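**Q**
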């Protein structure tokens with residue numbers, strides 16, 4: 001897939017703050033971060049623009065500077081469903097580069113998004129300056145594995161209404177600047193494996209308590225502490 | 001955790017076949033596999049023996065030679081549940097070594113199991129012979145990430161009865177030598193996020209059709225192709 005625009009070069013300080021705040025780059029030395037920005041290609045995708053497909057072997061590793069990316073997964077070649085949404089500082093698409101496999105997920109921009117892309121050439125240049133790059137990439141893959149294991153733990157919560165709350169709490173993490181999400185009820189249901197009826201019932205309950213606000217195609221967490229407390233104490237099955 | 005027995009050394013050919021058949025080592029050259037066995041420590045765990053706990057920082061990377069290991073996960077410090085069961089050729093516990101983090105899962109032997117363990121010293125020795133070890137470990141972490149993403153896809157299957165079938169199909173993979181699993185109905189329910197009633201109803205239906213056989217604390221897949229066909233066509237909600 002060709003991005004809408006592609007260029008090298010680093011805009012002024014602060015532009016890449018979102019990328020650097022993620023779990024991986026925040027652990028890397030400043031010199032590594034700067035070099036990564038210098039060699040990486042900037043790529044811009046519009047809303048609904050596909051970035052990669054399950055089955056392709058695009059070897060680019062992609063990091064999110066701004067915007068958000070939907071990760072679609074399918075079980076045994078069934079219809080893909082929205083598995084999760086990732087945002088600034090998160091990376092995706094490492095499989096083809098690290099194990100020479102095809103992509104196992106599809107990725108779509110959910111809003112205008114800026115990415116940094118590291119293909120074979122960029123990684124080679126980065127490794128010239130940082131010969132321990134493979135070790136750093138092993139750390140990235142492990143962080144990814146831990147992150148996805150967290151999704152498993154979330155999907156093992158028995159009650160649908162609590163899974164819905166858990167997804168909202170995760171996607172609206174404090175500091176992410178995301179207290180309001182462009183998110184439909186059916187997308188929320190896909191990520192929480194909850195029926196449309198469950199989602200609508202749960203959101204109604206949560207809105208009545210002032211914990212969330214539901215707009216057209218948007219959901220906002222209004223009271224994070226309250227939603228956490230509701231998650232911990234609620235035992236109703238939606 | 002101290003294993004029941006611990007020793008270096010490689011028994012005769014064939015002993016490590018299970019370890020080598022897994023997704024990671026099967027891609028490594030024979031010289032690497034042999035060196036790994038030579039430097040690795042063998043460790044034996046009895047049934048129900050804990051191997052590692054969520055929150056510990058044991059830096060050993062562990063590979064399964066024989067037996068099976070239950071991986072327990074907990075969401076927001078709630079009661080741990082059985083997330084999955086892994087067997088010969090699979091590796092676990094890479095987090096502390098690769099990102100210096102604490103373990104995010106707990107691991108328990110489900111039957112007498114033999115493991116190969118690679119701690120700091122063993123990895124250092126392996127790296128002396130194979131300076132590209134970090135790259136190989138990046139591949140291992142990526143394979144792990146792909147594997148766990150598969151669990152997410154499975155848990156996003158909407159119908160509980162089909163999730164139950166999917167778990168059985170995954171755990172009884174052909175070639176794993178596991179057509180019968182030491183598995184209780186409540187453990188199956190935990191892994192599939194299905195209620196006890198769903199599990200018992202689904203197993204009854206599958207047994208009536210001759211697809212599975214349910215014994216005391218054991219479940220056997222009798223007709224794998226039939227179970228796959230049932231998974232693909234069934235749309236009943238258990």
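Residue numbers (full-length UniProt numbering), protein chains in the order written: chain A, 1 to 238; chain B, 1 to 238.
Ideal Cβ positions, reconstructed from N, Cα and C, are used throughout, including at glycine.
Just so you know, these numbers come straight off a predicted model, no measurement behind them.
Are the C-beta atoms of residue 231(B) and some chain A residue less than 9 Å apart?
**A** It does: the Cβ of residue 231(B) has a partner Cβ on chain A nearer than 9 Å.
**Q** Taking 9 Å as the cut-off, decide whether the C-beta atoms of residue 106(B) and residue 53(B) are in contact.
**A** Yes, the Cβ-Cβ distance between residue 106(B) and residue 53(B) is below 9 Å.
**Q** For the candidate residues 90(B), 84(B), 79(B) and 73(B), whose alpha-carbon lies nearest to that of residue 18(B)?
**A** Of the candidates 90(B), 84(B), 79(B) and 73(B), the one whose C-alpha sits nearest the C-alpha of residue 18(B) is 90(B).
**Q** What does a CB cutoff of less than 7 Å around residue 122(B) pick up in its chain, not counting 5 residues either side in sequence?
**A** 39, 40 and 41.
**Q** Find the nearest neighbour of residue 101(A) within the set 55(A), 20(A) and 76(A), judged by alpha-carbon distance.
**A** Of the listed residues, the one whose Cα sits closest to residue 101(A) is 55(A).
**Q** Please state if the CB of residue 125(B) and the CB of residue 134(B) are separated by a distance shorter than 9 Å.
**A** Not closer than 9 Å, so no.
**Q** From the DSSP output, in three-state form, read off residue 62(A) for me.
**A** If DSSP states are grouped into helix, strand and coil, residue 62(A) belongs with the strands.
**Q** Taking beta-carbon pairs under 7 Å, can you tell me which members of the segment 62-77 of chain B lie near chain A?
**A** Per Cβ criterion, the list reads 73, 74 and 75.
**Q** Pick from 161(A), 110(A) and 173(A): whose alpha carbon is nearest that of residue 202(A)?
**A** Nearest of 161(A), 110(A) and 173(A) to residue 202(A), Cα basis: 161(A).
**Q** Listing by chain order, which chain A residues have their CB less than 9 Å from the CB of residue 117(B)?
**A** Per Cβ cutoff of 9 Å: no residues; residue 117(B) is ~18 Å from chain A at best.
**Q** Give the residues from the segment 158-187 of chain A that approach chain B closer than 8 Å (Cβ to any Cβ), ordered along the chain.
**A** Residues 158 and 166.
**Q** Tell me which same chain residues have a C-beta within less than 8 Å of the C-beta of residue 80(B), skipping the five on either side of it?
**A** For residue 80(B), where only same-chain residues beyond five positions count, the Cβ hits under 8 Å are 54, 72, 73, 74 and 106.
**Q** If you pair each beta-carbon of the segment 133-151 of chain A with each one of the segment 142-158 of chain B, do three or more pairs fall below 8 Å?
**A** Yes, they touch.
**Q** With DSSP collapsed to three states, give me the class of residue 4(A).
**A** Here residue 4(A) scores only 48 on pLDDT, less than 50, and its place in the model is too uncertain to base an answer on.
**Q** Check whether chain B comes within 9 Å of residue 27(A), counting only Cβ atoms and requiring the distance to be less than that.
**A** Interface residue, yes.
**Q** Answer yes or no: do residue 88(B) and residue 65(B) have a C-beta to C-beta separation smaller than 9 Å?
**A** Contact: yes.
**Q** Between which two residues does the alpha helix (DSSP H) carrying residue 128(A) extend?
**A** Residue 128(A) -> alpha helix (DSSP H) spans 120-129.
**Q** Helix, strand or coil: which one does DSSP assign to residue 183(A)?
**A** In this structure, residue 183(A) counts as coil in the three-state DSSP scheme.
**Q** So, for residue 183(A): in the same chain, excluding its five sequence neighbours on each side, which residues have a beta-carbon less than 7 Å away from its beta-carbon?
**A** If we look at residue 183(A) and ignore the five residues flanking it on each side, its Cβ neighbours are 218 and 219.
**Q** State the CB to CB distance for the pair residue 227(A) and residue 169(A), rounded to an integer number of angstroms; the pair is presumed to be in contact (CB under 8 Å).
**A** The pair is a contact, with the Cβ atoms about 6 Å apart (cut-off 8 Å).
**Q** Give a yes or no on whether the C-beta atoms belonging to residue 97(B) and residue 61(B) are separated by under 9 Å.
**A** Yes; because the gap between Cβ atoms is below 9 Å, this pair is in contact.
**Q** Go ahead and label residue 84(A) buried or exposed: buried means 16 or more other beta carbons lie within 10 angstroms of its beta carbon, across all protein chains shown.
**A** The residue in question, residue 84(A), is buried, as its Cβ has 16 or more Cβ neighbours within 10 Å.
**Q** Just the chain A side, please: which residues come within less than 7 Å of residue 145(B) by C-beta, in chain order?
**A** 141, 144, 145 and 148, listed in chain order.
**Q** With a CB to CB cut of under 6 Å and the five nearest residues on each side skipped, what residues in its chain are close to residue 181(A)?
**A** Only 171 and 219 meet the Cβ criterion.
**Q** Enumerate in chain order the residues of its own chain whose CB-to-CB distance from residue 196(B) is below 8 Å, with the five nearest sequence positions on each side excluded.
**A** Excluding sequence neighbours, residue 196(B) sits near 185, 186 and 189.
**Q** Does any residue of chain A bring its CB to less than 9 Å from the CB of residue 238(B)?
**A** Below a pLDDT of 50, predicted positions are generally treated as unreliable, and residue 238(B), at 49, falls in that range; the measurement from the model is reported next regardless. By this cut-off, residue 238(B) is not an interface position.
**Q** Report yes or no: is there a C-beta of chain A within less than 9 Å of the C-beta of residue 122(B)?
**A** Not an interface residue.
**Q** Write down the C-beta distance between residue 69(A) and residue 92(A) rounded to the nearest angstrom, noting that I regard them as a contact closer than 8 Å.
**A** Between residue 92(A) and residue 69(A) the Cβ distance is about 7 Å, and since that is below 8 Å, they are a contact.
**Q** Taking C-beta pairs closer than 7 Å, name the residues in chain A that residue 214(B) reaches, listed in chain order.
**A** In chain order: nothing, as chain A lies at least about 22 Å away.
**Q** Residues of chain B with a CB under 7 Å from the CB of residue 211(A): which are they?
**A** Result: empty, since nearest Cβ-Cβ is about 17 Å, beyond 7 Å.
**Q** Could you give the DSSP three-state label for residue 218(B): helix, strand or coil?
**A** Residue 218(B): strand per DSSP, three-state reduction.
**Q** Need the endpoints of the alpha helix (DSSP H) that residue 134(B) sits in, please.
**A** 133-155 is the span of the alpha helix (DSSP H), which, as asked, contains residue 134(B).
**Q** With C-beta atoms as the reference, is residue 199(B) less than 9 Å away from residue 211(B)?
**A** Their beta carbons are not under 9 Å apart, which means residue 199(B) does not touch residue 211(B) by this criterion.
**Q** Can you check which of these residues, 173(A), 233(A) and 204(A), is closest to residue 224(A) by C-alpha distance?
**A** Ranking the options by Cα distance to residue 224(A), first place goes to 173(A).
**Q** Take residue 77(B) and list the residues in its own chain whose beta-carbon comes closer than 8 Å to its own, dropping the five residues that flank it on each side.
**A** Cβ within range, chain order: n/a, list empty.
**Q** Below 8 Å, is the gap between the Cβ of residue 91(B) and the nearest heavy atom of the ligand SAH?
**A** In the structure shown, the ligand SAH is absent, as is every other ligand, since no ligand is present at all.
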